[in-house]
Amino acid sequence: MAETLENQVAKNIDQLDPRDFIIIKGARVNNLKNLSVAIPRNKLVVVTGLSGSGKSSLAFDTLFAEGQRKYVESLSSYARQFLGRMEKPEVDYIKGVSPAVAIEQKVNTRNPRSTVGTTTEIYDYIKLLYARIGQTISPISGNPVKRDTVSSVVNAIHQYEEGTKFMVSAPLTLTADRTLEIEFNILLSKGFTRVLVDGVLEQIEDLDAKKVDPEKVEILIDRLSVNKEDEDATFRLSDSVQTAFFEGHGDCIIRFREEGSRRFSDRFELDGMSFEEPSVNLFSFNNPYGACRKCEGFGKVLGIDPDLVIADKNLSVYEGAIVPWRSETMKKWLQPLLQIAHDIDFPLHRPVKDLSEEEYNLLWEGKGKFEGLYAFYAFIESQLHKIQYRVMLSRYRGKTTCPDCKGTRLRKDAFYVKVGGKAVSELVLMPIDRALDFFELLELNQYDQKVAKRILKEIQNRLSYMKEVGLGYLTLNRLTSTLSGGEYQRIKLATSLGSALVGSMYILDEPSIGLHPRDTARLGNVLETLKRLGNTVIVVEHEEEVMKRADQIIDIGPAAGIHGGELVFQGDWEAILKEKESVTARFLNGIEFIPTPTRRRPWKHSIDILGARENNLKRIDVSIPLGVLTVVTGVSGSGKSTLIRKILYPALGKIVGVTGEETGKFGELDGDYKMIQRMEMIDQNPLGRSSRSNPVTYVKAYDAIRQLYSDQPTAKQRNLKPAHFSFNVDGGRCETCQGEGEVKIEMQFMADLHLTCDECKGKRFKEDILEVTYKDKHIADILDMSIEESLNFFEDQKAIISKLQPLDDVGLGYVKLGQSSNSLSGGEAQRVKLASFLGKGQSANKEKILFIFDEPTTGLHFKDIEKLLDSINALVNQGNTVLIIEHNMEIIKSADWIIDLGPDGGDHGGQLCFAGTPEEMVKLDDNHTAKYLKEKIQ
1 MAETLENQVA
11 KNIDQLDPRD
21 FIIIKGARVN
31 NLKNLSVAIP
41 RNKLVVVTGL
51 SGSGKSSLAF
61 DTLFAEGQRK
71 YVESLSSYAR
81 QFLGRMEKPE
91 VDYIKGVSPA
101 VAIEQKVNTR
111 NPRSTVGTTT
121 EIYDYIKLLY
131 ARIGQTISPI
141 SGNPVKRDTV
151 SSVVNAIHQY
161 EEGTKFMVSA
171 PLTLTADRTL
181 EIEFNILLSK
191 GFTRVLVDGV
201 LEQIEDLDAK
211 KVDPEKVEIL
221 IDRLSVNKED
231 EDATFRLSDS
241 VQTAFFEGHG
251 DCIIRFREEG
261 SRRFSDRFEL
271 DGMSFEEPSV
281 NLFSFNNPYG
291 ACRKCEGFGK
301 VLGIDPDLVI
311 ADKNLSVYEG
321 AIVPWRSETM
331 KKWLQPLLQI
341 AHDIDFPLHR
351 PVKDLSEEEY
361 NLLWEGKGKF
371 EGLYAFYAFI
381 ESQLHKIQYR
391 VMLSRYRGKT
401 TCPDCKGTRL
411 RKDAFYVKVG
421 GKAVSELVLM
431 PIDRALDFFE
441 LLELNQYDQK
451 VAKRILKEIQ
461 NRLSYMKEVG
471 LGYLTLNRLT
481 STLSGGEYQR
491 IKLATSLGSA
501 LVGSMYILDE
511 PSIGLHPRDT
521 ARLGNVLETL
531 KRLGNTVIVV
541 EHEEEVMKRA
551 DQIIDIGPAA
561 GIHGGELVFQ
571 GDWEAILKEK
581 ESVTARFLNG
591 IEFIPTPTRR
601 RPWKHSIDIL
611 GARENNLKRI
621 DVSIPLGVLT
631 VVTGVSGSGK
641 STLIRKILYP
651 ALGKIVGVTG
661 EETGKFGELD
671 GDYKMIQRME
681 MIDQNPLGRS
691 SRSNPVTYVK
701 AYDAIRQLYS
711 DQPTAKQRNL
721 KPAHFSFNVD
731 GGRCETCQGE
741 GEVKIEMQFM
751 ADLHLTCDEC
761 KGKRFKEDIL
771 EVTYKDKHIA
781 DILDMSIEES
791 LNFFEDQKAI
801 ISKLQPLDDV
811 GLGYVKLGQS
821 SNSLSGGEAQ
831 RVKLASFLGK
841 GQSANKEKIL
851 FIFDEPTTGL
861 HFKDIEKLLD
871 SINALVNQGN
881 TVLIIEHNME
891 IIKSADWIID
901 LGPDGGDHGG
911 QLCFAGTPEE
921 MVKLDDNHTA
931 KYLKEKIQ
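Numbering (full-length UniProt numbering), first residue to last: 1 to 938.
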């Protein structure tokens with residue numbers, strides 16, 4: 001079937017019009033086998049297939065690489081000087097390529113200043129809105145702060161009846177080095193002849209300066225009457241008011257004969273406070289002018305973390321709840337409390353979790369002879385010249401929310417500026433769907449409406465796109481570096497919609513990651529919107545819902561790695577359901593499926609999280625069973641990650657000593673948590689920061705391979721040690737690229753170029769190292785092998801096989817041994833971590849480990865999810881506990897226990913909707929997860 005289809009496409013491809021199709025002929029990038037395909041323009045096209053079948057090679061390494069190369073061709077001569085070395089995808093030809101925009105899973109920013117608001121550019125528009133129409137409100141009186149101008153004073157005077165008489169005056173300000181007599185003489189020299197003393201008109205020459213109180217003196221500028229019609233009179237009035245502002249150092253007084261006086265100021269102040277005038281920089285936390293003075297715009301400060309000082313709140317003070325006072329040296333700080341506890345009625349034997357707020361504060365603030373923890377840490381900080389105190393302080397330090405800006409990053413003055421009664425700080429802490437409601441219901445006066453019309457339109461559009469892609473639960477203040485790969489990708493997608501490009505080719509890498517099936521339909525709408533704008537949208541995807549929306553499905557296969565790289569199917573949804581050969585089609589039409597477990601594992605023990613209230617969690621109590629497979633589900637933004645990653649992981653992690661992260665707000669940890677001796681968070685973060693990090697080094701298989709090569713006769717003759725076969729240290733590696741195989745060229749104004757090293761031609765090692773072979777393969781050949789190939793090659797080397805087999809078991813047989821960790825997707829990185837734990841096997845050490853997985857099905861085809869489940873069940877069968885945050889129904893139906901949060905995202909989530917087995921869940925009627933689970937459990 002595959003050959004026939006390939007031949008059909010290859011025969012007809014030359015006759016197609018590049019104005020209607022993007023034509024690829026003879027693609028041979030990575031594992032693609034001379035693949036030819038025609039992708040229709042301005043359509044939604046899904047590229048699918050098993051993990052490692054060649055989908056990304058076609059979409060990113062071929063199509064996007066060519067689009068990027070053609071873009072660089074249009075640039076300046078400076079950029080083009082690298083073109084000779086910029087590799088062209090290995091392909092006969094590609095015709096009809098549009099400007100390409102790639103939106104990948106990777107969160108490419110670790111910048112602590114980058115937030116959702118800045119990444120999407122929404123915050124830039126909000127800053128502009130507040131700078132243009134923001135109203136500064138005094139925190140003392142609640143009145144608006146205004147700067148009076150000459151025009152506003154003239155307009156105020158013109159409100160009075162025609163002919164009303166008044167005087168224009170200015171308060172007299174004495175400078176430090178002048179007497180009132182000198183000041184009077186200066187006024188006379190300027191041409192002023194009269195002053196008002198306590199409201200009474202006096203000639204300057206008639207006054208005795210020594211008998212006058214300077215604070216009661218005003219300079220008379222002019223005497224006038226209201227005359228609205230006469231232009232000359234208005235001009236004279238304006239001139240007098242301007243003079244009064246100048247002489248009065250910003251103050252002007254208008255005295256009416258009957259109505260009394262009115263004071264005007266051209267300074268921006270009220271209630272004795274000076275305010276900063278709204279400007280874009282005032283609302284920018286990346287600018288020293290607008291950033292909070294205490295945290296410098298980071299929102300966090302380094303302080304003492306109470307959760308590290310009192311790690312286990314189930315202990316009492318007497319049992320050693322206060323960790324730094326457990327040592328013999330530091331016990332002396334606790335002694336006074338033990339002595340006076342009876343007198344002050346302090347419960348020494350009561351667990352810290354049960355102490356009243358007053359009793360807990362006493363531990364920190366002290367009382368009587370007992371000085372408290374704050375005094376203790378003040379003493380430690382005074383002793384930092386001694387190393388032992390520096391070490392001690394570092395143990396209990398953690399990032400805490402900045403007390404000045406409450407984590408909003410802005411200086412306090414910015415909080416006084418309001419639009420629609422809200423400060424910027426309030427807006428950025430709102431979930432996006434609430435912020436959208438605020439802007440849609442915002443009522444402005446006619447002038448502000450005119451000024452803000454365009455800005456508001458941009459803000460509303462971008463916020464509505466964020467809501468459409470299922471991210472309405474995020475806040476604009478959320479750090480970009482804390483987002484999952486799927487969230488980051490959908491943010492970039494929403495930003496692309498906001499910029500409204502047309503005629504482009506968008507290539508997306510699994511945008512449905514992290515989305516509950518309920519939200520996937522909305523994602524389909526967004527992709528169709530992008531298509532309707534006049535773009536070609538190419539999506540690498542496994543999600544059934546997205547395939548249904550596609551105009552065309554391209555299936556690459558038939559299997560992974562060396563067994564893939566061919567065009568298996570091309571057609572629409574109706575056609576793929578009739579297909580029999582394609583693995584994807586067989587799962588879609590029900591010929592193949594993942595079986596539902598026949599029994600669920602029972603459990604007796606659990607970890608109980610009580611009173612969880614971080615972010616949107618509504619003080620919920622959750623029990624997590626031990627020794628079984630538990631899945632935490634719920635729509636995007638329902639509170640799953642908050643519960644597990646921000647509360648359970650840091651709280652339990654501090655007790656078992658694996659993390660010092662800040663713990664989210666909750667009551668206490670209860671139950672059998674002491675049964676857990678170790679915790680492992682297997683998330684989608686990259687394996688390592690070094691570009692030399694790769695799967696074979698991560699699972700510790702490379703040590704055995706290097707030993708094998710150093711034992712070869714040629715290596716022994718040349719006295720080569722295992723270190724010579726390492727690309728991380730000097731010796732055998734190529735020093736031009738330092739074992740990277742490529743060199744980086746910084747392009748200044750665009751993404752850096754990575755080009756194959758000229759010296760070693762990408763092989764990473766010196767020539768004499770490559771002369772050492774095993775079964776006719778040198779070390780660079782080994783690194784270029786896929787895991788599947790290497791298992792056959794090393795079949796007689798048990799030490800190596802035992803480390804590599806788990807990589808194949810988790811569905812990574814197609815990955816190359818030496819593939820850089822940077823090039824792995826979030827899901828692949830996660831499965832490499834899983835394989836490293838499986839590789840350790842059932843060691844003699846029978847530690848009870850809690851494994852936490854964050855969406856392990858990322859990037860997995862139905863076929864590969866089967867393998868993943870086998871691996872995860874192997875961990876549970878070893879006596880460990882596995883906890884998975886997941887939306888995939890195949891994983892959910894295979895769980896022993898389900899914890900479902902919701903019912904919706906953001907403010908409408910954070911409640912425990914269900915806890916029980918899948919069979920119990922499908923009986924629910926009004927539950928988003930149950931609705932989709934029913935289709936899988938019949």
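Using N, Cα and C, we set each Cβ at its ideal position, and we do this for glycine too.
The model shown is predicted, which means the values in this text are computed figures rather than measured ones.
May I ask which residues mark the beginning and end of the alpha helix (DSSP H) holding residue i?
i, result
"Gly916", "No alpha helix (DSSP H) contains Gly916, which is instead part of the beta strand (DSSP E) from Gln911 to Gly916."
"Ser151", "Val150 to Ile157"
"Ser871", "Phe862 to Asn877"
"Gln677", "Neither: Gln677 is in no alpha helix (DSSP H) and is coded neither H nor E."
"Phe379", "Gly372 to Ser382"
"Asp808", "Lys798 to Asp809"
"Asp781", "Ile779 to Leu783"
For a test of the three-state rule: what should DSSP assign to residue i, helix, strand or coil?
i, result
"Ser843", "Because the pLDDT at Ser843 is just 47, under 50, the model does not fix this residue reliably, and the point stays unresolved."
"Phe793", "helix"
"Lys33", "coil"
"Ala933", "A small correction: the amino acid at residue 933 is Leu; Ala does not occupy that position in the sequence shown. Of the three classes helix, strand and coil, the one that applies to Leu933 here is helix, per DSSP."
"Ala2", "With a pLDDT of 42 at Ala2, under the threshold of 50, the modelled position of that residue is not reliable, and no figure is offered here."
"Trp603", "coil"
"His754", "strand"
"Gly420", "coil"
"Gln388", "helix"
"Gly818", "coil"
"Leu508", "strand"
"Glu319", "coil"
"Lys761", "coil"
"Ile554", "strand"
Hey, out of the options, whose CA is closest to residue i's CA?
i, options, result
"Arg600", "Ile892, Val154 and Leu187", "Ile892"
"Gly52", "Ala895, Glu788, Phe851 and Leu912", "Glu788"
"Gly54", "Ala560, Ala723 and Glu181", "Ala560"
"Pro278", "Ala156, Leu308, Val424 and Leu237", "Val424"
"Gly368", "Asp345, Pro351 and Ile94", "Asp345"
"Ala214", "Val197, Glu205, Gln203 and Ser225", "Per the sequence presented here, residue 214 reads as Pro, with Ala not at that position. Answer by Cα proximity: Val197."
"Ile157", "Ser261, Arg147 and Ser141", "Ser261"
"Glu668", "Ile609, Lys492 and Glu579", "Ile609"
"Asp307", "Thr400, Glu855, Pro347 and Tyr377", "Thr400"
Hey, would you say residue i sits closer than 7 Å to residue j, going by beta carbons?
i, j, result
"Pro558", "Phe298", "no"
"Thr596", "Ile937", "yes"
"Phe184", "Ala209", "yes"
"Val512", "Gly905", "Checking the sequence shown, residue 512 turns out to be Ser, not Val. Going by C-beta atoms, Ser512 is not nearer than 7 Å to Gly905."
"Tyr465", "Leu497", "yes"
"Leu32", "Ser56", "no"
"Val537", "Leu527", "yes"
"Leu16", "Ala38", "yes"
"Val922", "Val539", "no"
Could you give the residue range of the beta strand (DSSP E) that holds residue i?
i, result
"residue 967", "This structure cannot settle anything about residue 967, because the visible part of the chain is limited to 1 through 938."
"Ala723", "Unbroken run through Ala723: none, as it is neither H nor E."
"Thr400", "Arg397 to Thr401"
"Gln203", "Val200 to Gln203"
"Phe21", "Phe21 to Ala27"
Taking 6 Å as the line, does the beta carbon of residue i fall inside it for any heavy atom of the ligand MG?
i, result
"Val101", "Summarising the ligand content, the structure contains no ligands, and the ligand MG is consequently not present."
Notebook entry, point to check: So does the stretch 145-164 actually touch the stretch 285-296, counting three or more Cβ pairs closer than 8 Å?
Noted result: Touching, no, given that fewer than three Cβ pairs across the two stretches are closer than 8 Å.
Checklist line | Cβ pair count under 8 Å reaching 3, the stretch 460-468 against the stretch 638-650 | finding: Contact fails: fewer than three Cβ-Cβ distances are below 8 Å.
Next item on the list: Would you be able to state if there are at least three C-beta pairs under 8 Å between the stretch 255-270 and the stretch 127-143?
Entry: By the criterion of at least three beta-carbon pairs nearer than 8 Å, the stretch 127-143 is in contact with the stretch 255-270.
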